[in-house]
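Presented below is the structure to which this report refers.
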Amino acid sequence: MDPFQELRNEFSSTIRALQNEIESIKNEPKPLQRPKPCLPDPEKFNGQSLKFDTWLASMKAKLRIDAPAIGDAVAQFYYVYLNLESKVQALVLPQLSYAEDTNTWDYNTILDQLSLVYDNPNKIQEAEDHLLALKQDSGESVAAYIAKFERILYEAKGKDWPDVTKISAFRKGLNPTLRGRLNQQLNLPRSYIEFLRVVQQLGSHSFSSNSTNVSHPQSHQSGSHTKSDPMDLSVININSLLFHEGNKESKQSWNQQMLAKLETNGIDDGGD
11 MDPFQELRNE FSSTIRALQN EIESIKNEPK PLQRPKPCLP DPEKFNGQSL KFDTWLASMK
71 AKLRIDAPAI GDAVAQFYYV YLNLESKVQA LVLPQLSYAE DTNTWDYNTI LDQLSLVYDN
131 PNKIQEAEDH LLALKQDSGE SVAAYIAKFE RILYEAKGKD WPDVTKISAF RKGLNPTLRG
191 RLNQQLNLPR SYIEFLRVVQ QLGSHSFSSN STNVSHPQSH QSGSHTKSDP MDLSVININS
251 LLFHEGNKES KQSWNQQMLA KLETNGIDDG GD
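Using the working numbering, the first residue of the sequence shown is number 11, and each one after it goes up by one.
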């Protein structure tokens, strides 16, 4: 046989062998690579009832988002179990034993047992009572009071309450100064969100700056100075915030309402 032909055959055989080896490597199952977790691990629950709601929310979020990174049902079960301190783990040992005996790995059995022990069944009613008794502290800003009110409103499951109910509860807790200024308004929004905006405007508005928001006809300013009450002037300020400019007739009607309100409160354009 031609020696060159023999070499070619040998090379061809080697090439085919390498090709077959490459194909076999491609067809081998690749080891499963878990994705990296997105959320940090929750802090271990130590058995304090006040921290249970926060821990439970963090654990549910972790299991919902990072379940593929944690692993299968067995891994998720032990993940929940190992995120409890030892004294709390002792409370759910029956659930662990049942899972091992029946090979049924449902981490909700642990969460349900902990809820029976640490969850407060009266927390919604207590939050409602807290909300109705809530008061704006002396020196507390409107923004801080709103944040506090909104947090307790969520705890009381009150986000779907009618706006009039939320406004009434919110208004009741305001400090006397703000309640007094609200009482001076000609009209107030019935929308809860708009009402909060009005209160924020009143809370941030300085009484001393109200005089710059009101102008009188030049003919009425001659002679003695016009009497004014800062509490009444806030009426003009807030209603100007709520008033959307329309046609000329609506502006005249609005001005007439302002004058009528001023006269009712004893403010005379003509002086003393």
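Beta carbons are placed, not taken as given, at the ideal position from N, Cα and C, and that holds for glycine. The model shown is predicted, which means the values in this text are computed figures rather than measured ones.
- In this structure residue 146 is not in contact with residue 190, their Cβ atoms being roughly 13 Å apart against a cut-off of 8 Å.
- Straight-line measurement puts the Cα of residue 33 at about 12 Å from the Cα of residue 25.
- Distance check between residue 151 and each of 68, 106, 168, 188 places 188 closest, using alpha-carbon atoms only.
- Separation of residue 174 and residue 206 (C-alpha to C-alpha, rounded to the nearest whole angstrom) is 12 Å.
- Listed in chain order, the non-local C-beta contacts of residue 136 below 8 Å within the same chain comprise 130, local neighbours out to five positions each way being set aside.
- Secondary structure of residue 49 (DSSP, three-state): coil.
- Annotation for residue 186: the continuous alpha helix (DSSP H) segment containing it runs 186-193.
- Within its own chain, the residues whose Cβ lies closer than 8 Å to the Cβ of residue 51, once the five positions on either side in sequence are excluded, are 72, 93, listed in chain order.
- With the rule of 3 Cβ pairs closer than 8 Å, the region 61-78 does not count as touching the region 101-116.
- Beta-bridge pairing by DSSP links residue 163 to no other residue.
- As for any alpha helix (DSSP H) of minimum length 4 sitting wholly inside the region 72-107, the runs are 83-92, 96-99, ordered along the chain.
- The C-beta of residue 58 has fewer than 16 other C-beta atoms within 10 Å across all chains shown, which makes the residue exposed.
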